[in-house]
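One structure is given below, encoded as structure tokens.
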Amino acid sequence: MSLSTHIRIRTDVDARAETMAKKLGLKKKEFVEEAVLFFVRHNLSPINFSPSADFDLSQLVQKSTERIISYIKHQEQEMIAPLALEVLRAQIAVQALMNLIIDVNIPAEEQASVANKLEEYMNSQVEKLQIHAHQGHQSAAGRE
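Read in order, the letters of the sequence shown correspond to residues 8 to 151 in this note's numbering.
See the structure below:
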């Protein structure tokens, strides 16, 4: 890739570009590159640009918002809901076992031991679910 190092523009336009770049946290070079790419991506002409006729920023924002919401809903359906269900099932199973232990009149010392083992089991299941969720998040991010 070859680089062009100089573009001659009016001083007032240069100052405006510098100000806008700073507001966006960009270097002036990055700002100019992104501005050009913006016009190319949206098939706009900076000469005949009429925001009301050629370009509707609200539509662009709406499309972006819809994409984000769609992504969040997908994550909820594919990952969060199934994981939450698994955690709930495990909690119910552990609670049922705890109730069974109490109902069977197991001595207090053994109850504590069994309760500790159940807690360890529950923690290991939660840890597995967290690892699974993290891996799913990474694979979902890789698909974008």
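Where a beta carbon is used, it is the ideal one built from N, C-alpha and C, also for glycine.
Predicted model only: the values in this text are computed from it and were never measured.
Here Asn-123 carries a helix assignment [DSSP, helix/strand/coil]. Between Phe-38 and Ala-22, the gap from beta carbon to beta carbon reaches 8 Å or more.
Cβ atoms of Glu-93 and Leu-136 come within 8 Å of each other, at about 6 Å. Counted as a single uninterrupted DSSP element, the alpha helix (DSSP H) harbouring Ser-71 occupies residues 64 to 82.
Between Lys-35 and Ala-28, the CB-CB gap stays under 8 Å.
With respect to the 8 Å criterion, Leu-67 and Val-101 are not classified as neighbours on the basis of their beta carbons. Minimum Cα-Cα distance from Met-105 among the listed residues Leu-95, Ala-119, His-49 corresponds to Ala-119. Per DSSP, Met-27 is one residue of the alpha helix (DSSP H) stretching across 18 to 31. When secondary structure is reduced to three states using DSSP, Leu-51 falls in the coil class, being assigned neither helix nor strand.
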